[in-house]
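Undergrad:
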Amino acid sequence: MDRDQKVFSFIKEELKSENSKEKYLDILSQRMEDNRKAIGRLFLVLILSAAAFPLIAQTKIAEISIGPFKIIDGDIALAIIPTIFTYTYYKYLLIWFDFVDQKRTFRLVTSAYFGLKSDSFLNERLNPFSVIDSITRHNKQEKMDIIGCLSNLLWIPTAFVLIFLPFGIEYYLIKETYEIINPISFIDWLIVIIPTLIALFTVLSWTCNKKLDFKLSDYAASF
227 MDRDQKVFSF IKEELKSENS KEKYLDILSQ RMEDNRKAIG RLFLVLILSA AAFPLIAQTK
287 IAEISIGPFK IIDGDIALAI IPTIFTYTYY KYLLIWFDFV DQKRTFRLVT SAYFGLKSDS
347 FLNERLNPFS VIDSITRHNK QEKMDIIGCL SNLLWIPTAF VLIFLPFGIE YYLIKETYEI
407 INPISFIDWL IVIIPTLIAL FTVLSWTCNK KLDFKLSDYA ASF
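In my numbering, the protein residues as written are 227 to 449.
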């Protein structure tokens, strides 16, 4: 039984009435919108923190103001930015994993509510818009024109960069912080170790999520 089948079985067992399905879809839609907004805010923090680090390191800015917060010492800013970036990306991934599951659940609940196939044209029109889903649907078309082939060629390296670039930035930030601080004291080592641990947790979370999908696929293939 793959993940879709497991979720669909939960829907049949726990959302038996049409009214319960309607209420669940309303609440789920709101939760998805909350996660979408959170992802957007976290993405902005990732961009700003990644851009701020080399700027501060090269120009030696003496003072930084972020809303009501003010950092006087540039060295302090250099020390905390890697932790801010790694924690933000860790939280970003966790919310993104949750959002992906919410989208799957939404698609399956609407399928059960309207009696449609989960991957049918009508059911897909009910799903919240997603650039990735739109590209995926286009690439699944049987007749691939020149535009479709170019889209595939451009999308594959773009997806690769989007997935692995944040990990590369994490490595760069931690490496530069280590070289700038040259840790000796306990606090210095703490500044380097904290973002490193968060980065490791991020890799583990990503790996566990992909491994879960793999295990479910293997389980389904055994029947």
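Virtual Cβ for every residue (Gly too), placed ideally from N, Cα, C.
For L430, count the other beta carbons within 10 Å of its own beta carbon; 16 or more makes it buried, fewer makes it exposed. Which is it?
TA: Residue 430 sits at position 204 when you count from the first residue of the sequence shown. Under this definition L430 is an exposed residue.
Undergrad: Excluding five sequence neighbours on each side, which residues of the same chain lie with their C-beta closer than 8 Å to the C-beta of P409?
TA: For the purposes of this step, residue 409 is identified with residue 183 of the sequence shown, where counting begins at 1. Closer than 8 Å at the Cβ level, and outside the excluded window around P409, lie W415, I417 and V418.
Undergrad: Could you name the residues of the same chain whose beta carbon sits closer than 8 Å to that of I321, not counting the 5 residues immediately before and after it, in chain order?
TA: Numbered from its first residue, the sequence shown carries residue 321 at position 95. Excluding positions up to five away in sequence, the list reads N261, A264, I265 and L268.
Undergrad: Can you have a look at P220 and say buried or exposed, based on whether 16 or more other CB atoms are within 10 angstroms of its CB?
TA: A query on residue 220 cannot be resolved here, the shown segment of the chain reaching from 227 to 449 and no further.
Undergrad: Would you say I383 and L399 are within 8 Å of each other, going by their C-beta atoms?
TA: Position 157 of the sequence shown, counting from 1, holds the residue named residue 383. Position 173 of the sequence shown, counting from 1, holds the residue named residue 399. The residue asked about is misnamed: residue 383 is Pro in this sequence, not Ile. Result no, Cβ atoms of P383 and L399 do not sit closer than 8 Å.
Undergrad: Could you please give the first and the last residue of the uninterrupted alpha helix (DSSP H) stretch that includes I237?
TA: Position 11 of the sequence shown, counted from the start, is the residue given in the question as residue 237. It spans R229 to E240 - the alpha helix (DSSP H) in which I237 sits, taken as one unbroken run.
Undergrad: Note down the Cα distance separating S346 from I389, rounded to an integer number of angstroms.
TA: Taking the first residue of the sequence shown as 1, we reach residue 346 at position 120. Taking the first residue of the sequence shown as 1, we reach residue 389 at position 163. If I take the Cα positions, the gap works out to 28 Å.
Undergrad: Is K343 helix, strand or coil by DSSP?
TA: Residue 343 sits at position 117 when you count from the first residue of the sequence shown. Three-state DSSP puts K343 in coil, outside helix and strand.
Undergrad: Who are the near neighbours of F332 in its chain, counting only those whose CB is closer than 6 Å to its CB and skipping five residues on each side?
TA: Counting from 1 along the sequence shown, the entry for residue 332 is found at position 106. Closer than 6 Å at Cβ, skipping near neighbours: L254.
Undergrad: Return the CA-CA distance between Y315 and L391, expressed in angstroms with no decimal places.
TA: Numbered from its first residue, the sequence shown carries residue 315 at position 89. Numbered from its first residue, the sequence shown carries residue 391 at position 165. Cα-Cα distance, rounded: 11 Å.
Undergrad: Can you tell me whether N408 is helix, strand or coil according to DSSP?
TA: For the purposes of this step, residue 408 is taken as the residue at position 182 of the sequence shown. N408: coil per DSSP, three-state reduction.
Undergrad: Taking the Cβ atom as the reference point for each residue, do A338 and K247 lie within a distance shorter than 8 Å?
TA: Indexing the sequence shown from 1 puts residue 338 at position 112. Indexing the sequence shown from 1 puts residue 247 at position 21. Cβ atoms of A338 and K247: closer than 8 Å.
Undergrad: Is the distance from the Cβ of Y318 to the Cβ of L272 below 8 Å?
TA: By one-based count along the sequence shown, residue 318 stands at place 92. By one-based count along the sequence shown, residue 272 stands at place 46. Yes, the Cβ-Cβ distance between Y318 and L272 is below 8 Å.
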